[in-house]
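Undergrad: To convert, count from 1 in the sequence shown and add 3; that's our numbering. Ideal Cβ placement from N, Cα and C applies to all residues, glycine included. My structure is below; once you've seen it, I'll send some questions.
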Amino acid sequence: MSGESLPVEKRVGDEVVGGSLNQSGALVVRIARTGEDTVLARIAAAVEDAQGSRAPIARLADRVSAVFVPVVLGIAAVTFAAWLVFGGGDAPFATALERAVAVLVIACPCALGLATPAAVAVGTGRGAELGVLFKGGAVLEAAARVDTVFVDKTGTLTEGRPTLVDIVPAPGGFDEARFLRLAASVERSSEHPLARAIVAGAEARGLDVPPCTEFRATAGAGAEGRVVDASIELPIALPMESRSDTPGDALVGTLVRVGTRAWLAAAGIDAGPLDERAEALARLGRTPVFVAFDGALAGLVTLADRPAAGAADTVRALAAEGLTVVMLTGDRRGTAEAVAREVGLTHFEAELRPEDKARLVAEARARGARVAMVGDGVNDAAALAAADVGIAMGEGTDIALAAADIALMGGGIRSLERALALARATLATIRRNLVWAFVYNVIGIPIAAGVLAPWTGWSLSPMFASAAMSLSSVSVLLSSLTLKRFGRVARAAGGGSRA
Numbered sequence: 004m005s006g007e008s009l010p011v012e013k014r015v016g017d018e019v020v021g022g023s024l025n026q027s028g029a030l031v032v033r034i035a036r037t038g039e040d041t042v043l044a045r046i047a048a049a050v051e052d053a054q055g056s057r058a059p060i061a062r063l064a065d066r067v068s069a070v071f072v073p074v075v076l077g078i079a080a081v082t083f084a085a086w087l088v089f090g091g092g093d094a095p096f097a098t099a100l101e102r103a104v105a106v107l108v109i110a111c112p113c114a115l116g117l118a119t120p121a122a123v124a125v126g127t128g129r130g131a132e133l134g135v136l137f138k139g140g141a142v143l144e145a146a147a148r149v150d151t152v153f154v155d156k157t158g159t160l161t162e163g164r165p166t167l168v169d170i171v172p173a174p175g176g177f178d179e180a181r182f183l184r185l186a187a188s189v190e191r192s193s194e195h196p197l198a199r200a201i202v203a204g205a206e207a208r209g210l211d212v213p214p215c216t217e218f219r220a221t222a223g224a225g226a227e228g229r230v231v232d233a234s235i236e237l238p239i240a241l242p243m244e245s246r247s248d249t250p251g252d253a254l255v256g257t258l259v260r261v262g263t264r265a266w267l268a269a270a271g272i273d274a275g276p277l278d279e280r281a282e283a284l285a286r287l288g289r290t291p292v293f294v295a296f297d298g299a300l301a302g303l304v305t306l307a308d309r310p311a312a313g314a315a316d317t318v319r320a321l322a323a324e325g326l327t328v329v330m331l332t333g334d335r336r337g338t339a340e341a342v343a344r345e346v347g348l349t350h351f352e353a354e355l356r357p358e359d360k361a362r363l364v365a366e367a368r369a370r371g372a373r374v375a376m377v378g379d380g381v382n383d384a385a386a387l388a389a390a391d392v393g394i395a396m397g398e399g400t401d402i403a404l405a406a407a408d409i410a411l412m413g414g415g416i417r418s419l420e421r422a423l424a425l426a427r428a429t430l431a432t433i434r435r436n437l438v439w440a441f442v443y444n445v446i447g448i449p450i451a452a453g454v455l456a457p458w459t460g461w462s463l464s465p466m467f468a469s470a471a472m473s474l475s476s477v478s479v480l481l482s483s484l485t486l487k488r489f490g491r492v493a494r495a496a497g498g499g500s501r502a
């Protein structure tokens, strides 16, 4: 709910939010607020308010058709009257009727009527093939006009889970592989997300994590256990008083502690030699975890919510297209600043509540910006609904997907650029279709009316006019079908996602 990327420890008397995850042990929770007073209910109300206030996007083709039809009827009437009065010939009525019918047939607004829905149908279909789901043609048009993109951090720009980043053994201690094996062996017995991240980091490096005994965890502080692994030798640097008097016992029973600096200090272990390094890494938005073996400092590891694959590339691509990209997060400012720096963002807002995100989106729209909001969580739902275009990650929460206009079902944040590019390509196709339909009518109607007949003899019978009208509709459909090639040219050439 808060948007923080790492677990928040709770103790007796602390307030918790409905939907929080209990990682271990049993809790007795007193319900303080129910129904409309809950955070989730307030977010749902904010979503409804934002959706109800969204202005509908005007449809150009509808406005044009409303004017086009009566104008054409007027032109046909004038054509009939002109040829009836001034046409001359043996059968002025027949000539006048033929010209009037030709105008009505060739000016049939099929091409105008097909220009938008044909492109929308092909564009949304191609988007579905690429894992981008658009909720209608109005969404495509709105997405094509976006100039400002607000992006949630946790789970959108980042992976949404802690990951092992740095391994820093103490001077003269273990090498990285042996150090990480011992730390992971204790953490494997823990249910804490940071512990699981350490174990996952060891396994990702191909290390065999040995078992541990005498495991004991201290909530919010750390865990300890004795590692049984004769293949691991203790370093010479460890103090002799920490070793067992029993020959070989140190090789098969290493006491490993993994936790906070204060917890190790309470056990008489000085983390001073690595304090400066830990503080430097913490300034980068990483969480340091200290490790001790048999009563002596062995090193530290750091964990962080890493940027998602393609996040930095997506930010650069959007910026290159002239879009303003702003990161919004409820996480701490230091963590937000580190992530922003890593993905190449200069604009970000941190420590935001869900209503703060929606407020920032509304303020940007009030300044005239065309805003897209990208998020995945419950705390993003109000902002998604408040934006011109809400874009939800496919693996996000149900309320985020319900509030959004576009769902990115595959590829993560990398699909964002593809979605906006497809929207722009679809809008460009609609405009091309409308221009072709207008040009066709501007040229075809005067010829059908016989305006050029006195000088060139050019005229169209209703039969040829109907053929020309049919070809105009076919041309609009063929123009729309070019969207089927979106993304294929670049991929075949080994490039990005856009054609």
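Between Ala339, Lys360, Gly21, which lies nearest to Arg33 when the distance is taken from Cα to Cα?
TA: The shortest C-alpha separation from Arg33 is found at Gly21.
Undergrad: Give me, in chain order, the residues of the same chain whose beta-carbon lies closer than 8 Å to that of Phe96; leave out the 5 immediate sequence neighbours on both sides.
TA: Here the set comprises Leu87.
Undergrad: Could you say which of Arg427, Asn382, Gly378, Glu279 lies nearest to Met3 if we only look at CA atoms?
TA: What the structure shows of the chain is the stretch from 4 to 502, and residue 3 is not part of that stretch, so it cannot be assessed.
Undergrad: Per DSSP, which residues does Asp169 bridge with? Please list them.
TA: Per DSSP, Thr305.
Undergrad: In terms of alpha-carbon separation, which member of Ala428, Ser475, Leu425 lies closest to Gly447?
TA: Per the Cα distances, Ser475.
Undergrad: Using beta-carbon positions only, say whether Val514 and Phe153 come within less than 8 Å of one another.
TA: Only positions 4 to 502 of the chain appear in this structure, which leaves residue 514 out of reach.
Undergrad: What is the DSSP secondary structure of Glu352, counted as helix, strand or coil?
TA: Glu352 falls in the strand class under three-state DSSP.
Undergrad: Taking 8 Å as the cut-off, decide whether the C-beta atoms of Leu258 and Glu420 are in contact.
TA: For Leu258 and Glu420, no; Cβs fall outside 8 Å.
Undergrad: With distances taken Cα to Cα, identify the nearest neighbour of Ala222 among Pro213, Val231, His195, Leu277.
TA: Comparing Cα positions, the closest option is His195.
Undergrad: Report the rounded CA-to-CA distance for Arg336 versus Ala426, giving the unit in angstroms.
TA: If you take the alpha carbons of Arg336 and Ala426, they lie about 33 Å apart.
Undergrad: Counting only the same chain and skipping the five closest in sequence on each side, list residues whose C-beta sits under 7 Å from that of Glu101.
TA: Here the set comprises Ser464, Pro465.
Undergrad: Report the residue from Trp439, Thr338, Ala269 whose alpha carbon sits nearest the alpha carbon of Leu481.
TA: The option with the nearest alpha carbon to Leu481 is Trp439.
Undergrad: Leaving out the 5 sequence neighbours to the left and right, which residues in its chain are closer than 6 Å to Phe351 when beta-carbon positions are compared?
TA: Met330, Ala339, Ala343, listed in sequence order.
Undergrad: Tell me whether Trp266 is buried or exposed, calling it buried when 16 or more other Cβ atoms sit within 10 Å of its Cβ.
TA: Buried, by the Cβ-count rule.
Undergrad: Would Ala147 and Thr327 be called neighbours here (beta carbons separated by less than 8 Å)?
TA: Not in contact: Ala147 and Thr327 (Cβ atoms no closer than 8 Å).
Undergrad: Across the region 290-297 and the region 305-322, are there enough close Cβ pairs to call them in contact, namely three or more that are closer than 8 Å?
TA: Segments in contact, yes.
Undergrad: Excluding sequence positions up to five away, which residues of its chain have a Cβ less than 6 Å from the Cβ of Ile402?
TA: Answer for Ile402: Val381, Ala384, listed in chain order.
Undergrad: Can you give the beta carbon distance from Arg417 to Gly313, rounded, assuming they're within the 8 Å contact cut?
TA: Correct: roughly 4 Å between the Cβ atoms.
Undergrad: Which class does Glu244 belong to by DSSP, given the choice of helix, strand or coil?
TA: Only weak support is given to the placement of Glu244: the predicted model assigns it a pLDDT of 40, under 50, and the value that follows is read from those uncertain coordinates. In this structure, Glu244 counts as helix in the three-state DSSP scheme.
Undergrad: For Glu236, does the three-state DSSP call read helix, strand or coil?
TA: Bear in mind that the predicted position of Glu236 carries a pLDDT of just 49, short of 50, making it too unreliable to give a figure here.
Undergrad: DSSP state of Pro276, grouped into three classes?
TA: Three-state result, Pro276: helix.
Undergrad: Out of Arg435, Ile394, Glu398, point me to the one whose CA is closest to Phe137's CA.
TA: Of the candidates Arg435, Ile394, Glu398, the one whose C-alpha sits nearest the C-alpha of Phe137 is Ile394.
Undergrad: Under DSSP, the beta strand (DSSP E) around Ala311 begins and ends at which residues?
TA: Counting along the chain, Ala311 falls outside any beta strand (DSSP E), and DSSP gives it neither H nor E.
Undergrad: For Met472 and Pro73, I'd like the C-alpha separation in whole angstroms.
TA: Going from the Cα of Met472 to the Cα of Pro73 covers about 18 Å.
Undergrad: Using three-state DSSP, classify Arg434 as helix, strand or coil.
TA: Helix at Arg434.
Undergrad: Since I believe Ala372 is in contact with Asp211 (beta carbons under 8 Å), could you give me their beta-carbon distance rounded to a whole number of angstroms?
TA: Not confirmed; about 54 Å, so no contact.
Undergrad: Whose CA, out of Ser478, Ala84, Val230, lies closest to the CA of Leu437?
TA: Nearest of Ser478, Ala84, Val230 to Leu437, Cα basis: Ser478.
Undergrad: When you compare each of Thr166, Ala406, Gly490, Lys487 to Val142 by their alpha carbons, which one comes out closest?
TA: Among Thr166, Ala406, Gly490, Lys487, the Cα nearest to that of Val142 belongs to Ala406.
Undergrad: Could you give the residue range of the alpha helix (DSSP H) that holds Pro2?
TA: Residue 2 lies beyond the stretch modelled for the chain, which goes from 4 to 502, so this question has no answer here.
Undergrad: Answer yes or no: the CB of Ala84 versus the heavy atoms of the ligand GDP, is any distance below 7 Å?
TA: As for the ligand GDP, it is missing from this structure, which has no ligand bound.
Undergrad: Between the alpha carbons of Arg356 and Leu115, how many angstroms are there, rounded?
TA: Looking at the two C-alpha atoms, the distance is approximately 46 Å.
Undergrad: Within its chain, find whatever has a CB closer than 6 Å to the CB of Ala224; leave out the 5 residues flanking it on each side and keep chain order.
TA: Here the set comprises Gly262, Thr263, Trp266.
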